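Residue numbers (the working numbering): 306 to 642.
Right, dumping it as structure tokens:
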């Protein structure tokens, strides 16, 4: 199955947390947390359409200024999701600059901030360079379950965790994965063209199988085929990929339940593994996970693969041991204190 999305850590595991989810066949990316963005480069930053903030400790939000600097002077709109207080924090960051020249720019950069609350409510507002980033169009909304973004072929979900303050975990889900089988297209004698995209979009929007398409043929002319016939003859439609992002959370029963539910069946689970398990008392005091706890959670969620990150600097000489603890717990169930 050809992957449509590629998730990678923004920084090394001892540096600022963050995951960059790149869309392989579109000029788009989703960013999880805004730590140090220097490794991404301007081209990758300009692909970002949506940003999911876990919380606003400095190592998760310091990259806001670099994002702003790169996107100013371009016609761009970005959605930013975050915990209670994020609207005021973004407003204050924007207000810390002088914008007396910004209205002369021929382009408009806009940030739509979505502030999420544990009771399922939220507040969104717009900050635009056209109005010197004044807060406008503020409105309240109610989440549909845990879904914060729902598009034709993707969904973003959220879980509220406890880290002394509210901290958000996120899951990205591709609803369906649609591929054309090249050998079957060859057997059909079909030309490659825009009709392929039209068929794919029809599958994603769940069009009736009776929908008819005019398929251009290599030998000339065309053949009328229904969507059902195309599914049977040239399409491979399977469940899409899933990625979960979990960081800065205490190992409590409630957090555990929410993490496992959010990350269940994930193809990629990015999860913090801050301390070695011998330091589990310190982890509890700091409201973080140990490496063994991270691996155990990945196992409980039945993730396909686990990618640990956010290692504590106190373990700079123990990276292999941190990774080994995660892997052992992921592959072998073990009781945790």
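Note that CB positions come from ideal geometry on N, CA and C, so glycine has one too. The model shown is predicted, which means the values in this text are computed figures rather than measured ones.
The beta carbon of residue 515 is closer than 8 Å to those of 531, 532, 533 in its chain, skipping five residues each way along the sequence. No residue range can be given for residue 581, since it is assigned to no alpha helix (DSSP H) and is classified by DSSP as neither H nor E. The alpha-carbon of residue 336 is positioned some 42 Å away from that of residue 529. Annotation: the segment 368–409 contains the following complete segments of the alpha helix (DSSP H) (minimum length 4 residues), in chain order: 369–376, 391–400. The Cβ atoms of residue 627 and residue 563 lie no closer than 9 Å to each other. Taking a cut-off of 8 Å on C-beta distances, the segment 468–481 does not touch the segment 367–375, as fewer than three cross pairs fall below it.
Take the alpha-carbon of residue 522 and the one of residue 488: they are about 15 Å apart.
Counting along the chain, no beta strand (DSSP E) covers residue 561; the unbroken alpha helix (DSSP H) around it starts and ends at 558–568. When DSSP states are grouped into helix, strand and coil, residue 488 belongs to the helix group. Counting only the Cα atoms, residue 388 lies some 20 Å from residue 326. Straight-line measurement puts the Cα of residue 358 at about 7 Å from the Cα of residue 365. Between the beta-carbon of residue 577 and that of residue 608 there is about 14 Å, and that puts the pair past the 8 Å contact cut. Here residue 378 is exposed: its Cβ has fewer than 16 other Cβ atoms, across all protein chains shown, within 10 Å. In its chain, beyond the 5 residues on either side, 539, 540, 541 have a beta carbon closer than 8 Å to the beta carbon of residue 486.
Residue burial is scored here from C-beta neighbours: residue 363 has fewer than 16 other C-beta atoms within 10 angstroms and is therefore classed as exposed. Take the alpha-carbon of residue 457 and the one of residue 508: they are about 10 Å apart. By the 16-neighbour rule on beta-carbons within 10 angstroms, residue 637 is exposed.
DSSP places residue 433 inside the beta strand (DSSP E), whose first and last residues are 426–433. Residue 630: member of the alpha helix (DSSP H) spanning 624–636, first to last residue. Inclusion of residue 442 and residue 414 in the CB contact set at 9 Å is not warranted, their separation being larger than that value.
According to DSSP, residue pairing for residue 440 in a beta bridge involves 432.
Taking each of 322, 385, 360, 361 in turn and checking the Cα distance to residue 353, the smallest one comes out for 385. Under the 8 Å Cβ criterion, the segment 467–474 does not count as touching the segment 488–504, having fewer than three qualifying pairs. Straight-line measurement puts the Cα of residue 450 at about 12 Å from the Cα of residue 422. Excluding five sequence positions before and after residue 312, the CB atoms of its chain that fall closer than 6 Å to its own CB belong to 324, 326, 548, 573, given in chain order.
Assigned with DSSP and collapsed to three states, residue 598 falls in helix. Here residue 582 is near residue 630, since their CB atoms are less than 9 Å apart. Each residue's CA atom was taken as its position, placing residue 518 and residue 437 some 49 Å apart.
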